[in-house]
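Beneath this line is the structure, given in structure tokens, with notes to follow.
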Amino acid sequence: MSSKSTLTKEQQDNVVKRIARNYDIQSIEFIKFSQDTKTGTYNLLFIINNNEKYKTGISIRNIERLNNSTDEIGLSPIETFKSLERENVLLTENIDTSDIQITYLGE
15 MSSKSTLTKE QQDNVVKRIA RNYDIQSIEF IKFSQDTKTG TYNLLFIINN NEKYKTGISI
75 RNIERLNNST DEIGLSPIET FKSLERENVL LTENIDTSDI QITYLGE
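Position one of the sequence shown corresponds to residue 15 (the numbering used here), numbered consecutively onward.
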């Protein structure tokens, strides 16, 4: 498997929904998606709310995990993102992300 991996728009939307479930975000810019050829781990980097302070990412072993929008994503460092945490976690399946500005990979 090559280190030049890509995510579908749907998978990126799923990441947005999973973050929006726990955090109040206005925008997300996907910066980089890559695979570590030694470990096989996928890394996705993004910036939330156009603020370098909120530049973070997630690592996953299996790219198929991004095919659903229901798993929770916790952002770290926890202290940095505490101010964005929702008081009430959204338990609904269909999270409305229409008011979140999304910049997809490769845009």
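Ideal Cβ placement from N, Cα and C applies to all residues, glycine included.
In this text the structure is predicted, and so the values were computed from the model without any measurement.
For residue j and residue i, the rounded distance between their alpha carbons
i	j	result
I116	D50	25 Å
E43	D113	14 Å
L59	D110	22 Å
Y37	R75	23 Å
M15	G88	In this prediction, M15 has a pLDDT of 35, which is less than 50 and means its spatial position is unreliable; what the coordinates show is noted afterwards. Approximately 28 Å, taken between the alpha carbons.
D85	K67	24 Å
N28	T94	22 Å
K96	N65	15 Å
Y118	I72	16 Å
I61	G54	23 Å
R100	R79	23 Å
Residue i, buried or exposed, once every other Cβ within 10 Å from all chains shown has been counted against 16
i	result
N102	exposed
R32	buried
V40	Reading off the sequence shown, one finds Gln at residue 40, where the question assumed Val. Exposed is the call here.
T92	One point to set straight first is that residue 92 is Ile, not Thr, in the sequence displayed. I92 is exposed by the Cβ-count criterion.
S90	exposed
S83	buried
A34	buried
Residues that DSSP places opposite residue i in a beta bridge
i	result
Y56	Q49, I74
E99	Y37
K69	I61
I92	Answer by DSSP bridge pairing: none, since I92 is not bridged.
E43	I61, T117
Cβ contact (3+ pairs, closer than 8 Å) linking the segment 41-56 and the segment 87-104: no
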